[in-house]
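Note that the protein sequences, when read in sequence, are chains A and B.
Residue numbering for the first sequence follows this note's numbering, beginning at 29 and increasing consecutively.
Residue numbering for the second sequence follows this note's numbering, beginning at 21 and increasing consecutively.
Structure, as structure tokens:
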Amino acid sequence: MADKDTFTVLKFRNRPWYIWALRAVWFLWVLFWAEVMVGSGKEAESIAFVISLVIFLASLVAGISLWLWGYLKFKKART
Amino acid sequence: MKRRDFFKFGLGGTGIALGSGLALSTDTASMAQGRNPHGHPWWVKKIEVPKLAIDNKVYSRFNSRKNVFGSFAQYYGMDNLKELRKRSREKTRKYYEEDRPGYRLEDRALADAAWVISRLGGLNRGTRSWTSKSVSTPERRGVERYSRSPEEAARLIKSAARYFGAATVGIAPLDRRHINSHERGKEIVFEPADEPYENDEKLVIPDTCKYAISLSVQMSLDNLQCSPTAISSAGSSMGYSRCEFLVAGLAQFIRGLGYVAIPSVNDLGSSVAIAVDAGLGELGRTNRLITPEFGPNVRLCKVLTDLPLATDKPIDFGLIEFCRVCKRCAEACPSGCLSFDDEPSFQVKGEWNNPGHQAWFENSPKCLAFWQESTSGCSICIPVCPWAKKDKTMIHEIVKATSAKIPALDRFFNAMDEAFGYGRQKNARKWWDLNLPEYGVDTTQGKG
């Protein structure tokens, strides 16, 4: 029976502990600015909203880009 | 990993993080409730005496006739005042014709209407009467008067005060020097008496009244941010009207327990000095109270009583250090009445200030003159203060807590506050489109 089932396998590459710590810091940083952005919107503080939106988006894009860059570099090195 | 799985994983992680954050904040709230439901945030320190010193040889009771409202014509000059009023009338007319936002008929009608409850009371008049014939006293009910411990009584009073609309409440032993020496041309005296009373010569407070309950009422920051317009004026007047309801209700409640209660808003004595003693906040650069929860965005009132109550202590949340480097209120003040001095001092600016205590004293006649000049009062110093926030995002709490503990960062926080656009004037026309909460204030703010 088990042979007929399909599985999704998540693979986590071994990384030094500080890489995970950096990722956690980045995640919390992005989450923090998302919260500031939403709160500033509720407070009708337009400048604070725009600044926190820019920081949020910049942090998000920078983090994802860095992750993708590392991923592609690793993939290229393997092939 | 497939893209869909990546998103699932990402959303799951976010959910866990948000969930644990919420759980943590709920836990903290309930812990705070269990400890002291009427306390300040954890970063507020209790101290024995207020940080700004009092010179006991000089500080004494103030004659209310000398305050800026009582003697404005004398301080400003009668001819200047006539000219000022004429200019104010002309400007009012001009603003109507221009249909200027914040100065239109509907704006002015709102400001006027928001005063309506406040006008029901005055010193020992109407809602602020020192006695009440309608109260059902314990005597009338045929029972003994309330006689639990001062700690229990204080908790009772604070809960009742919140119920009647107080944002924060504190209790101080009554320092009689905070009570005016004269009001309406009559001397205010403390005498042995069962009840407070007034005759042709004097206003008598029973000398058993040893406690002052200090109360703050939130104002709508949405209104105040439109300062100086009639919309911001409506925010102040609504604050006063809510004070009126609060002190009337609380005083009647205390009388119902069988004790004397003297309700007061701006009359009778210094609400600010009493609030500092009761630990509601600290004296800021505006020479007004700044609270840790709402900054200066509050109106103050008080009730004097002989009900034995456990008292609170003054507080320190690093405000004096913050005001030293901030000066945003002084920079924003259109009349230039606020002090730019680095340090608070004992040097008063005029007879309108009560000497004998350290403060950043203000030039009150300049302030009041601008109220006429603007045609609708002014409260710019309130919304520009970095401590006045709606607290819809945790960054404010983090900044306030850090400022309280690490004053070296105050200059940076002030610069950031300005860069993020806080304290800028809002468009009074847009105020009418807001989806406002009751009374224009978030009553859950600052409640842990």
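C-beta atoms are modelled at their ideal positions from N, C-alpha and C, and glycine is treated no differently.
Being a predicted model, the structure only gives us computed values, none of them experimental.
Under 7 Å (Cβ pairs) to chain A, residues found in the region 399-432 of chain B: In summary, the residues of the region 399-432 of chain B whose CB is separated from some CB of chain A by less than 7 Å are Lys410, Lys412, Thr413, Met414, Ile415, in the order they occur in the chain.
CB of arginine 160(B) within 8 Å of CB of tyrosine 79(B), strictly: In the second sequence, residue 160(B) corresponds to position 140, counting from 1. In the second sequence, residue 79(B) corresponds to position 59, counting from 1. No. Outside cutoff.
Euclidean distance between Cα positions of alanine 330(B) and glutamate 171(B): One-based indexing of the second sequence puts residue 330(B) at position 310. One-based indexing of the second sequence puts residue 171(B) at position 151. So the alpha carbons of these two residues sit roughly 5 Å apart.
Of the listed residues Leu454(B), Phe184(B), Asp326(B), Glu371(B), nearest to leucine 228(B) (C-alpha basis): Residue numbering aside, residue 228(B) sits at position 208 when the second sequence is read from its first letter. Residue identity differs from the one stated: residue 228(B) is threonine in this sequence, not leucine. Ranking Leu454(B), Phe184(B), Asp326(B), Glu371(B) by Cα distance to threonine 228(B) puts Asp326(B) first.
Residues from the region 437-448 of chain B in contact with chain A, defined by Cβ distance under 8 Å: With the criterion set as a beta carbon lying under 8 Å from some beta carbon of chain A, the members of the region 437-448 of chain B are Ala439, Phe440, Gly441, Tyr442, Arg444, Lys446, in sequence order.
Chain B residues whose Cβ lies nearer than 7 Å to that of isoleucine 79(A): Residue mapping note: residue 79(A) aligns to position 51 of the first sequence, counting from 1. In chain order: Phe440.
DSSP-derived helix/strand/coil call for isoleucine 67(B): Here residue 67(B) corresponds to residue number 47 of the second sequence, with the count starting at 1. In this structure, DSSP gives isoleucine 67(B) a state outside helix and strand, which the three-state scheme calls coil.
8 Å Cβ cutoff, alanine 76(A) in contact with chain B: Along the first sequence, read from residue 1 onward, the residue named residue 76(A) stands at position 48. Nearest CB-CB separation between alanine 76(A) and chain B: below the 8 Å threshold.
Buried versus exposed, by CB contacts within 10 Å (16 or more), alanine 271(B): Here residue 271(B) corresponds to residue number 251 of the second sequence, with the count starting at 1. Flag for alanine 271(B) reads buried.
Isoleucine 67(B) vs isoleucine 335(B) beta-carbon contact at 8 Å: To locate residue 67(B), count along the second sequence from 1; it is residue 47. To locate residue 335(B), count along the second sequence from 1; it is residue 315. Cβ distance < 8 Å, so isoleucine 67(B) and isoleucine 335(B) count as in contact.
Between the CA atoms of valine 404(B) and lysine 446(B) - distance to the nearest angstrom: The residue you call residue 446(B) lines up with position 426 of the second sequence. The residue you call residue 404(B) lines up with position 384 of the second sequence. Looking at the backbone, the Cα of lysine 446(B) and that of valine 404(B) are separated by about 11 Å.
Tyrosine 217(B) - DSSP class collapsed to helix/strand/coil: Here residue 217(B) refers to the residue found at position 197 when the second sequence is read from its first residue. The answer is strand: DSSP assigns tyrosine 217(B) an E or B state.
Pick from Gly338(B), Ala298(B), Leu244(B), Gly278(B) that is closest to arginine 422(B), judged by C-alpha positions: Here the question's residue 422(B) lines up with position 402 in the second sequence. Residue identity check: residue 422(B) is threonine in the sequence provided, not arginine. Measuring from the Cα of threonine 422(B), the nearest candidate turns out to be Gly338(B).
Alpha-carbon spacing of valine 419(B) relative to proline 158(B), whole angstroms: Position 399 of the second sequence, counted from the start, is the residue given in the question as residue 419(B). Position 138 of the second sequence, counted from the start, is the residue given in the question as residue 158(B). Straight-line Cα distance between these residues: approximately 48 Å.
Host beta strand (DSSP E) of valine 224(B) (start-end): As a first step, residue 224(B) is located in the second sequence; it is residue number 204 there, counting from the start. Looking at the DSSP string, the run of the beta strand (DSSP E) that includes valine 224(B) is 222-226.
Opening and closing residue of the alpha helix (DSSP H) in which arginine 109(B) lies: Taking the first residue of the second sequence as position 1, residue 109(B) is located at position 89. Unbroken alpha helix (DSSP H) run through arginine 109(B): 98-118.
Local conformation of phenylalanine 210(B) per DSSP, three classes: Looking up residue 210(B) in the second sequence gives position 190. Residue state, collapsed to three classes: strand.
CB contact below 8 Å: isoleucine 47(A) versus chain B: Looking up residue 47(A) in the first sequence gives position 19. Not closer than 8 Å to any Cβ of chain B, the Cβ of isoleucine 47(A) fails to qualify, so no.
Boundaries (first-last residue) of the alpha helix (DSSP H) holding valine 318(B): Position 298 of the second sequence, counting from 1, holds the residue named residue 318(B). It is not in any alpha helix (DSSP H) - valine 318(B) instead sits in the beta strand (DSSP E) that spans 318-325.
Min CB distance valine 64(A) to chain B below 8 Å: As a first step, residue 64(A) is located in the first sequence; it is residue number 36 there, counting from the start. Interface residue, yes.
Residues near cysteine 343(B) by beta carbon distance below 6 Å, same chain, minus five either side: One-based indexing of the second sequence puts residue 343(B) at position 323. So the list reads Gly304, Arg305, once near-sequence residues are dropped.
C-beta contact flag for alanine 295(B) and leucine 320(B) at 8 Å: Start at 1 with the first residue of the second sequence, and residue 295(B) comes out as number 275. Start at 1 with the first residue of the second sequence, and residue 320(B) comes out as number 300. Result yes, Cβ atoms of alanine 295(B) and leucine 320(B) sit closer than 8 Å.
Nearest neighbour of methionine 65(A), chosen from Ser257(B), His416(B), Ala435(B) [CA to CA]: Residue mapping note: residue 65(A) aligns to position 37 of the first sequence, counting from 1. Looking at the Cα atoms, His416(B) is the closest of the given residues.
Own chain partners of phenylalanine 273(B) with C-beta closer than 6 Å, once the 5 adjacent residues on each side are dropped: Position 253 of the second sequence, counted from the first residue, corresponds to residue 273(B). The residues are Ala180.
Proximity test, Cβ basis, 8 Å: threonine 48(B) and chain A: Position 28 of the second sequence, counted from the start, is the residue given in the question as residue 48(B). Interpretation of threonine 48(B) is limited by its pLDDT of 44, a score under 50 that renders its predicted location unreliable; the figure taken from the coordinates is listed afterwards. So, not an interface residue.
Cβ separation of glutamate 264(B) and glycine 141(B), assumed to be a contact under 8 Å, to the nearest whole Å: Residue mapping note: residue 264(B) aligns to position 244 of the second sequence, counting from 1. Residue mapping note: residue 141(B) aligns to position 121 of the second sequence, counting from 1. Sure, about 5 Å apart at Cβ, within 8 Å.
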